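All remarks here apply to the structure that follows.
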Amino acid sequence: MTKNEIKALISLLDDNDHEVASHVEKQIVGLGTGVIPYLEEEWEETLNPDLQKKIEDLIHDLQFEGLSARIREWKENGAQDLLEGMYLVNSYLYPDIEFADISKTIDQLYFDAWTHMKEEMHPYDQVKALNNVLFREKRFSANTKNFHSPANSMLHLVLETKRGNPLTLCVIYMTLAQRLGMPVFGVNLPNLFILTYKQEGIQFYINVYNKGLILSKADIDNYILQLNLNPIDIFYEPCSNLEIVKRALRNLAFSFEKMNDPEKATEVTKLLAIITDEDPVV
832 MTKNEIKALI SLLDDNDHEV ASHVEKQIVG LGTGVIPYLE EEWEETLNPD LQKKIEDLIH
892 DLQFEGLSAR IREWKENGAQ DLLEGMYLVN SYLYPDIEFA DISKTIDQLY FDAWTHMKEE
952 MHPYDQVKAL NNVLFREKRF SANTKNFHSP ANSMLHLVLE TKRGNPLTLC VIYMTLAQRL
1012 GMPVFGVNLP NLFILTYKQE GIQFYINVYN KGLILSKADI DNYILQLNLN PIDIFYEPCS
1072 NLEIVKRALR NLAFSFEKMN DPEKATEVTK LLAIITDEDP VV
């Protein structure tokens, strides 16, 4: 369709005939996310609040469909880039944030950390050096005051405010560590996401939410015992990028539930279903 044809179609959204307006909506949705700039243009030009609301809902639906497709594609391509997966989670609330902006901030953090690294450093010293950069120099810390805020799951906001939940802080830490050549991976502990430094002959754990505190296997044993759970491998071993993004989506859905926003919680659950091969909750 030409630009004029699209604009003519959008102008029919406020047609008094409900069937016509409904048919137009379906046609617009069928055009995909490419029609969003035209909808935004119409929103700015009209003074009709009902039409503005209709356009806002259409834009949201189009963005959600587009995000669903991108998340599905990310999974089907092997979920190889964790930062991309977390960016897609970020895109649910902030579709206009560019991946390049997040990457640029991570690149700068990496450079700052790299300048503190020396060859043949002991693993503990590597962790301490990265801790020093992130928690002392850059002042990243746990967002304990607003633990359940959806903002804690938004990577660009965590990078901006330097406050996050265990998962987002771990993603930033792990991304930097791996770029620095450190064998650091995520661990899906109940109620607390942590990291493990694991290579042949050595394994220990890192509680990023507590400023990079180094933990032993015995510490993990005690933590699991306090929760009255049986020790199983997933509480000790690295998890996949896919599992990390699943947990990020669960966190986000739970945040919306805590905020009494069931519509957003349901939508995020639908995104989660896409990468868990489950039927979405309706």
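If you use our numbering, the sequence shown closes out at 1113, no skipped numbers anywhere.
In this text, a Cβ means the ideal position worked out from N, Cα and C, and glycines have one as well.
Please read all numbers here as calculations on a predicted model, not as lab measurements.
Beta-carbon contacts of residue i that lie in its chain and below 7 Å, excluding the five residues immediately before and after
{"i": "L919", "result": "L898, R901, I902 and W905"}
{"i": "G995", "result": "N974, N983 and V989"}
{"i": "N921", "result": "I928, M985, L986 and H987"}
{"i": "Q1030", "result": "P1014"}
{"i": "K1095", "result": "F1087"}
{"i": "Q1009", "result": "V1015"}
{"i": "T877", "result": "Q883"}
Residue i to residue j span [Cα, whole Å]
{"i": "D1092", "j": "K885", "result": "20 Å"}
{"i": "S853", "j": "L844", "result": "8 Å"}
{"i": "G1012", "j": "T946", "result": "14 Å"}
{"i": "I933", "j": "H849", "result": "43 Å"}
{"i": "V1113", "j": "E1088", "result": "The predicted model places V1113 with a pLDDT of 36, which falls under 50 and marks its position as unreliable; any figure quoted below should be read in that light. Each residue's Cα considered, the two are about 15 Å apart."}
{"i": "R1189", "j": "I837", "result": "No information on residue 1189 is available, as it lies outside the stretch 832 to 1113 that the chain covers here."}
{"i": "N1053", "j": "V860", "result": "53 Å"}
{"i": "C1070", "j": "D956", "result": "24 Å"}
{"i": "K949", "j": "T864", "result": "47 Å"}
{"i": "I1051", "j": "V1018", "result": "11 Å"}
{"i": "E951", "j": "T1027", "result": "19 Å"}
{"i": "D881", "j": "E896", "result": "23 Å"}
{"i": "L862", "j": "L924", "result": "22 Å"}
{"i": "N835", "j": "V855", "result": "15 Å"}
Buried or exposed (CB count within 10 angstroms, at least 16 for buried), residue i
{"i": "K1077", "result": "buried"}
{"i": "A910", "result": "buried"}
{"i": "E1098", "result": "buried"}
{"i": "T833", "result": "exposed"}
{"i": "I1037", "result": "buried"}
{"i": "V851", "result": "exposed"}
{"i": "P997", "result": "buried"}
{"i": "I1063", "result": "exposed"}
{"i": "L1056", "result": "exposed"}
{"i": "L913", "result": "buried"}
{"i": "E1109", "result": "Any reading at E1109 is ruled out, since the residue's pLDDT is 49, under 50, leaving its predicted position unreliable."}
{"i": "E1068", "result": "exposed"}
Assumed close pair residue i, residue j - CB separation to whole angstroms, cut-off 8 Å
{"i": "I1075", "j": "V958", "result": "Not quite, the Cβ-Cβ distance comes to about 19 Å (not below 8 Å), so this is no contact."}
{"i": "F1066", "j": "L1023", "result": "Actually they do not touch by this definition, with Cβ atoms about 10 Å apart."}
{"i": "L1103", "j": "R1081", "result": "6 Å"}
{"i": "I1115", "j": "L1073", "result": "The chain is shown only over 832 to 1113; residue 1115 falls outside these bounds and no answer can be derived."}
{"i": "L870", "j": "Q858", "result": "About 13 Å separates the two Cβ atoms, so there is no contact after all."}
{"i": "A1079", "j": "M917", "result": "6 Å"}
{"i": "F930", "j": "E907", "result": "Not quite, the Cβ-Cβ distance comes to about 19 Å (not below 8 Å), so this is no contact."}
Neighbourhood of residue i by C-beta distance below 8 Å, restricted to the same chain and skipping five residues each side
{"i": "I1033", "result": "P954"}
{"i": "K969", "result": "L940, D943 and K993"}
{"i": "S842", "result": "E873"}
{"i": "L1000", "result": "F971, A973, V989, V1039 and Y1040"}
{"i": "I867", "result": "I890, L893 and Q894"}
{"i": "L1007", "result": "I937, L940, Y941, A944, L961 and L965"}
{"i": "N963", "result": "H947"}
Nonlocal neighbours in the same chain, by C-beta distance under 6 Å from residue i, ignoring five residues either side
{"i": "S1086", "result": "H979 and P981"}
{"i": "Y1004", "result": "V1039"}
{"i": "P926", "result": "Q894"}
{"i": "I817", "result": "Outside the modelled stretch of the chain, which goes from 832 to 1113, sits residue 817, for which no answer is possible."}
Residue i CB to nearest heavy atom of the ligand COA below 7 Å
{"i": "E1031", "result": "Of ligands this structure carries none, so the ligand COA is not represented either."}
Stretch pair the stretch 1037-1055 + the stretch 872-892: three plus CB contacts closer than 8 Å: no
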